[in-house]
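Protein chains in written order, with the UniProt record's numbering: chain A, 1 to 297; chain B, 1 to 323.
For every residue, glycine included, the Cβ atom is placed at its ideal position computed from N, Cα and C.
Shown next, in structure tokens, is the structure this report addresses.
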Amino acid sequence: MILLAALDGLAYGSLIFLVAVGLSLIFGVLGVLNIAHGSFYAIGAYVAASAVLAAAGMGLPTWLAFPLFLISAILVGVVVGGTVEALLLRRVYRKEEVLQLLVTFAVFMILEDAQKVIFGTQPLFANAPMNWLGTIEVFGIFYTNYQLVLIPLVALAVLVGLRTFLRRTSFGRAIVAVTQDREAAMAMGIDATRVYLITFIIGASLAALGGALSSSTTSLTPGIGSGMIVLSFAVAATAGLGRIEGAAVAALMIGLGRSAAVYFAPEFDVLIPYLIMVVVLLIKPEGLFTTLQTRKV
Amino acid sequence: MSRQIVIGAGLLIALVVFPLLSPWSTVILTVALCEGLAALGILVLLRAGQVSFGHGLYFAFSAYVVAFMATARFGHEVLLLVPIATAASGLLAALIGLFIVRYRAIFFGMLNLAISMVFFSLLEKLFSITGGADGKRVPRPTLAGMTLERESFEFWMFYITLALCVVAALFVARYLLSPGGKALEAIKSNETRLEYLGVSSRKVLFGAYLLSGLLAGLGGAIIALVSGHVTPELAYWVRSGEFVFIAILGGAGGVAGPFLGALMFQIIRGYAAVYAPETWHAVLGVMLLIIIFFAPTGLYGLIAGKKRAAKPPAAVERAGAGQ
Numbered sequence: 001m002i003l004l005a006a007l008d009g010l011a012y013g014s015l016i017f018l019v020a021v022g023l024s025l026i027f028g029v030l031g032v033l034n035i036a037h038g039s040f041y042a043i044g045a046y047v048a049a050s051a052v053l054a055a056a057g058m059g060l061p062t063w064l065a066f067p068l069f070l071i072s073a074i075l076v077g078v079v080v081g082g083t084v085e086a087l088l089l090r091r092v093y094r095k096e097e098v099l100q101l102l103v104t105f106a107v108f109m110i111l112e113d114a115q116k117v118i119f120g121t122q123p124l125f126a127n128a129p130m131n132w133l134g135t136i137e138v139f140g141i142f143y144t145n146y147q148l149v150l151i152p153l154v155a156l157a158v159l160v161g162l163r164t165f166l167r168r169t170s171f172g173r174a175i176v177a178v179t180q181d182r183e184a185a186m187a188m189g190i191d192a193t194r195v196y197l198i199t200f201i202i203g204a205s206l207a208a209l210g211g212a213l214s215s216s217t218t219s220l221t222p223g224i225g226s227g228m229i230v231l232s233f234a235v236a237a238t239a240g241l242g243r244i245e246g247a248a249v250a251a252l253m254i255g256l257g258r259s260a261a262v263y264f265a266p267e268f269d270v271l272i273p274y275l276i277m278v279v280v281l282l283i284k285p286e287g288l289f290t291t292l293q294t295r296k297v
Numbered sequence: 001m002s003r004q005i006v007i008g009a010g011l012l013i014a015l016v017v018f019p020l021l022s023p024w025s026t027v028i029l030t031v032a033l034c035e036g037l038a039a040l041g042i043l044v045l046l047r048a049g050q051v052s053f054g055h056g057l058y059f060a061f062s063a064y065v066v067a068f069m070a071t072a073r074f075g076h077e078v079l080l081l082v083p084i085a086t087a088a089s090g091l092l093a094a095l096i097g098l099f100i101v102r103y104r105a106i107f108f109g110m111l112n113l114a115i116s117m118v119f120f121s122l123l124e125k126l127f128s129i130t131g132g133a134d135g136k137r138v139p140r141p142t143l144a145g146m147t148l149e150r151e152s153f154e155f156w157m158f159y160i161t162l163a164l165c166v167v168a169a170l171f172v173a174r175y176l177l178s179p180g181g182k183a184l185e186a187i188k189s190n191e192t193r194l195e196y197l198g199v200s201s202r203k204v205l206f207g208a209y210l211l212s213g214l215l216a217g218l219g220g221a222i223i224a225l226v227s228g229h230v231t232p233e234l235a236y237w238v239r240s241g242e243f244v245f246i247a248i249l250g251g252a253g254g255v256a257g258p259f260l261g262a263l264m265f266q267i268i269r270g271y272a273a274v275y276a277p278e279t280w281h282a283v284l285g286v287m288l289l290i291i292i293f294f295a296p297t298g299l300y301g302l303i304a305g306k307k308r309a310a311k312p313p314a315a316v317e318r319a320g321a322g323q
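In structure tokens, the structure reads:
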């Protein structure tokens with residue numbers, strides 16, 4: 001039981017990490033808490049599932065689903081995320097925080113309906129990629145490779161990749177510079193507008209990637225985005241907004257907490273993430289990982 | 001000030017007359033007024049530059065208090081249920097206010113959100129007590145000792161709600177002009193200086209938080225009675241977001257703003273439900289974007305004109321994005 005809960009927690013935590021780290025990145029750099037982030041997750045899921053179903057319909061091999069996941073995530077990030085940033089958010093960076101929040105709230109409302117119109121309200125189910133990868137036996141428990149190996153590996157790759165990108169590449173360093181001091185960075189010739197746009201696209205793509213990966217494990221229904229956004233808020237807030245490594249630990253914590261609740265106190269499974277969030281915000285509002293030497297983005 | 005009175009009075013007269021002309025509108029208008037009350041609470045907090053994405057908590061809490069009391073036939077009377085439920089959510093706001101006033105900006109918003117989501121999950125999961133996602137039915141109570149038919153109950157509830165809204169709006173207008181209300185604006189513009197003046201910003205914010213909780217609670221209690229049904233959805237974060245939406249749509253400049261916003265919200269929702277049933281959220285979202293980009297003072301600001309566009313001074317430019 002405990003082991004099963006732990007495996008569930010690992011799979012689930014990895015998934016919410018992908019979404020939450022995008023949210024955290026956007027907040028860390030742009031200073032905007034993106035309420036529409038859950039919609040990117042949902043759209044990513046729908047686009048990926050549709051692509052997989054379409055590919056299967058054309059008789060293409062199942063393994064093609066995995067590159068399709070990546071492509072659809074990037075596509076959603078660039079098209080939807082890019083549009084939102086360039087068209088809307090860019091105009092409100094200098095305005096009050098309330099207005100920034102409300103712009104993303106408006107985008108959330110629009111995108112929620114857009115999903116229903118484009119993808120319909122019927123549940124969408126495309127689990128072929130998960131079945132294709134088969135199962136693995138861990139201490140006598142059978143678990144899908146997809147959830148236990150692939151998703152955590154992707155999460156790990158994103159974590160390492162993001163760290164390396166921000167610290168080793170020149171564009172990554174430009175992002176960090178703009179985060180620390182926008183004006184000084186601009187004086188050094190960094191195009192801050194472009195940094196904002198690309199950061200937002202990366203964040204949105206990560207959410208869409210999370211959605212794409214989840215599309216194979218559950219059936220998609222309208223409203224998955226609005227549930228996921230609060231969950232990723234919980235992870236990002238628990239870690240401290242803008243912390244990337246912290247988000248990984250917090251996501252695991254919340255994933256494990258939730259799956260433990262599923263087995264031991266099923267009435268409270270959805271409650272656990274919010275409860276953790278409340279407690280952490282009360283005791284240490286800046287997040288659990290702020291005093292550690294994790295640097296801000 | 002005079003413009004504020006003119007707008008308020010105009011709105012009031014329109015509201016008094018309209019249901020007499022078209023009786024079908026009473027329930028919709030009552031719902032709008034209830035949401036206006038909650039948005040009025042948000043407006044109070046906005047004065048201090050704080051935004052709560054969790055006031056659905058107080059809305060739902062008092063709605064469920066009404067539902068439980070009415071089911072238990074305990075004080076099965078509107079004139080008892082509404083004050084008790086409102087006071088109960090005031091008490092809850094006071095308890096939560098004790099610690100929440102220590103937080104600002106994003107932390108204030110997130111903590112409110114988190115607490116309301118805890119409540120939402122409890123409502124949904126404790127099936128045996130709360131009826132789960134299906135919610136609870138609220139039997140129609142007596143009004144001033146009289147058992148009324150549905151239509152006359154709705155009719156009288158509307159006018160009672162309208163009267164309560166007028167009292168609430170006048171009270172809030174008075175409060176915003178009082179030293180406590182002025183101190184709220186100071187929290188927004190420069191909290192450190194406020195503290196230098198010897199004013200405790202936490203106490204000031206506590207007062208505002210308590211008031212906003214009471215207003216949301218009043219709205220929730222009435223909506224439970226009028227719709228005859230309560231669901232966990234009342235506490236969901238999207239609902240809380242709508243209150244903020246309504247406050248901004250109406251305009252944060254004056255106390256008539258939230259009610260204007262709530263009416264507009266209901267009108268759009270009503271029309272969109274007929275002409276674009278699949279996309280009324282999107283219509284609202286576009287409307288919100290238009291307001292933010294082209295009329296940041298809201299409907300109230302549009303009507304009151306540029307001069308009276310009493311939008312509090314915009315926050316000082318963000319010094320660094322990541323701060």
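Quick one: measure Cβ to Cβ for residue i and residue j, integer angstroms, because I've assumed they're closer than 8 Å.
| i | j | result |
| --- | --- | --- |
| residue 152 of chain A | residue 25 of chain A | The Cβ separation is near 20 Å, so there is no contact. |
| residue 216 of chain A | residue 15 of chain A | So it is not a contact: roughly 11 Å between Cβ atoms. |
| residue 248 of chain A | residue 159 of chain A | 5 Å |
| residue 292 of chain B | residue 102 of chain A | 6 Å |
| residue 38 of chain B | residue 59 of chain B | 5 Å |
| residue 221 of chain A | residue 129 of chain A | Contact doesn't hold; Cβ gap of about 19 Å is too wide. |
| residue 224 of chain B | residue 139 of chain B | Wrong, their Cβ atoms sit about 11 Å apart, outside the cutoff. |
| residue 258 of chain B | residue 45 of chain B | Contact flag wrong, Cβ pair sits at about 12 Å. |
| residue 194 of chain B | residue 201 of chain B | 5 Å |
Do residue i and residue j have their CB atoms nearer than 8 Å?
| i | j | result |
| --- | --- | --- |
| residue 298 of chain B | residue 261 of chain B | yes |
| residue 197 of chain A | residue 86 of chain A | yes |
| residue 81 of chain A | residue 212 of chain A | no |
| residue 38 of chain A | residue 226 of chain A | yes |
| residue 187 of chain A | residue 178 of chain A | no |
| residue 234 of chain A | residue 273 of chain A | yes |
| residue 13 of chain A | residue 254 of chain A | yes |
| residue 172 of chain B | residue 31 of chain B | no |
| residue 229 of chain B | residue 137 of chain B | yes |
| residue 68 of chain A | residue 56 of chain A | no |
| residue 162 of chain B | residue 153 of chain B | no |
Within the same chain, show all residues whose beta-carbon is closer than 7 Å to that of residue i, passing over the 5 residues directly before and after it, in chain order.
| i | result |
| --- | --- |
| residue 125 of chain A | 219 |
| residue 42 of chain B | 52, 55, 212, 243, 244, 247 |
| residue 224 of chain A | 42, 45 |
| residue 291 of chain A | Because the pLDDT of residue 291 of chain A is 49, which lies under 50, any placement of that residue in the model is unreliable, and the number read from its coordinates should be weighed accordingly. Nothing meets the Cβ criterion. |
| residue 199 of chain A | 25, 26, 29, 30, 175 |
If you drop the 5 nearest sequence neighbours on each side, which residues of the same chain put their C-beta closer than 6 Å to that of residue i?
| i | result |
| --- | --- |
| residue 8 of chain B | 256 |
| residue 120 of chain B | 232, 235, 236 |
| residue 105 of chain A | 35 |
| residue 239 of chain B | 56 |
| residue 6 of chain A | none |
| residue 263 of chain B | 32 |
| residue 410 of chain B | What is shown of chain B runs 1 to 323, which leaves residue 410 of chain B out entirely. |
By Cβ distance below 8 Å, which residues in the same chain neighbour residue i in space, the five residues on each side in sequence not counted?
| i | result |
| --- | --- |
| residue 293 of chain A | Residue placement at residue 293 of chain A is poorly supported in this model, since its pLDDT is 42, which falls under 50; the coordinates are not used for a value here. |
| residue 86 of chain B | 62, 214, 217, 218, 221 |
| residue 114 of chain B | 54 |
| residue 72 of chain A | 44, 47, 48, 51, 208, 212 |
| residue 154 of chain A | 14, 18, 209, 213 |
| residue 278 of chain B | none |
| residue 142 of chain A | 135, 136 |
Proximal residues, the segment 101 to 123 of chain A versus chain B, C-beta separation under 9 Å: 101, 102, 103, 105, 106, 107, 108, 109, 110, 111, 112, 113, 114, 116, 117, 121
Closer than 7 Å, Cβ to any Cβ of chain B: which residues of the segment 263 to 283 of chain A, in chain order? 267, 268, 270, 271, 274, 275, 277, 278, 281, 282
Indicate whether the contact test is met: 3 or more Cβ pairs, each with one atom in the segment 105 to 118 of chain A and one in the segment 279 to 289 of chain B, closer than 8 Å. yes
Against chain B: residues of the segment 218 to 234 of chain A by CB proximity under 9 Å: 226, 229, 230, 233, 234
Identify each residue in the segment 122 to 139 of chain B for which the Cβ-Cβ distance to at least one residue of chain A is less than 9 Å, and report them in chain order. 122, 124, 125, 126, 127
Could you name the residues of the segment 27 to 48 of chain A whose beta carbon sits closer than 9 Å to any beta carbon of chain B, in the order they occur along the chain? 27, 28, 29, 30, 31, 32, 33, 35
Closer than 8 Å, Cβ to any Cβ of chain A: which residues of the segment 98 to 114 of chain B, in chain order? 99, 103, 105, 106, 107, 109, 110, 111, 113, 114
Quick check: the segment 201 to 208 of chain A against the segment 71 to 82 of chain B, are at least 3 beta-carbon pairs closer than 8 Å? no
Should the segment 50 to 69 of chain A be called in touch with the segment 273 to 282 of chain A, which here means at least 3 C-beta pairs below 8 Å? no
Count Cβ pairs between the segment 175 to 186 of chain B and the segment 13 to 26 of chain B that sit closer than 8 Å; are there 3 or more? no
Determine, using beta-carbon pairs with one atom in the segment 126 to 134 of chain B and one in the segment 96 to 106 of chain B, whether at least three such pairs fall under 8 Å. no
Does the segment 157 to 172 of chain B come close enough to the segment 22 to 34 of chain B that 3 or more CB-CB pairs lie under 8 Å? yes
Please list the residues of the segment 83 to 98 of chain A that have a C-beta atom closer than 9 Å to any C-beta atom in chain B, keeping them in chain order. 88, 91, 92, 93, 94, 95, 96, 97, 98
Chain A contacts from the segment 290 to 305 of chain B (Cβ-Cβ distance under 8 Å): 292, 293, 296
Along the segment 17 to 35 of chain B, where does the CB come closer than 7 Å to a CB of chain A? Name the residues. none
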